[in-house]
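Here the structure is laid out as structure tokens; the discussion comes afterwards.
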Amino acid sequence: MRALRGFVDRIEGEIVTLLLGDDESVATELPIAWLPPGVTEGMVLQLTISVDHAQTDISKRCIQSLMDELGNEP
Numbered sequence: 044m045r046a047l048r049g050f051v052d053r054i055e056g057e058i059v060t061l062l063l064g065d066d067e068s069v070a071t072e073l074p075i076a077w078l079p080p081g082v083t084e085g086m087v088l089q090l091t092i093s094v095d096h097a098q099t100d101i102s103k104r105c106i107q108s109l110m111d112e113l114g115n116e117p
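According to this note's numbering, the sequence shown holds residues 44 to 117 in order.
Quick look at the structure:
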């Protein structure tokens with residue numbers, strides 16, 4: 044699991060712009076509903092990123108099933 048820091052740069056309506064990384068060099072926008080209640084501009088958030096292995100396996104099986112249905116025809 045990896046933690047990432049995000050600086051709340053601005054909130055415009057229901058959209059929050061986060062500056063990510065130690066140097067805040069990557070900007071991304073998220074719905075405010077995805078963040079903890081009470082988030083305001085200027086706050087620093089800690090985001091944790093991990094792999095959902097179970098869902099990854101389900102997705103791989105679904106894709107394989109679709110590929111099997113299509114066969115090798117171009």
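By construction, the Cβ of each residue, glycine as well, lies at the ideal position given by its N, Cα and C atoms.
When the beta-carbon positions are compared, Leu61 and Thr71 come within less than 8 Å of each other. Burial state of Gly56 is exposed, judged by a 10 Å Cβ sphere holding fewer than 16 other Cβ atoms. When DSSP states are grouped into helix, strand and coil, Thr83 belongs to the coil group. It is roughly 46 Å from the alpha-carbon of Leu88 to the alpha-carbon of Gly114. Cβ-Cβ distances below 8 Å link Thr91 to Met44, Arg45, Ala46 and Leu47 in the same chain, with the five nearest sequence neighbours on each side left out; the list follows chain order. For the pair Phe50 and Asp95, the Cα-to-Cα distance works out to about 25 Å.
When the Cα atoms are used, Ile58 and Gly64 turn out to be separated by approximately 19 Å.
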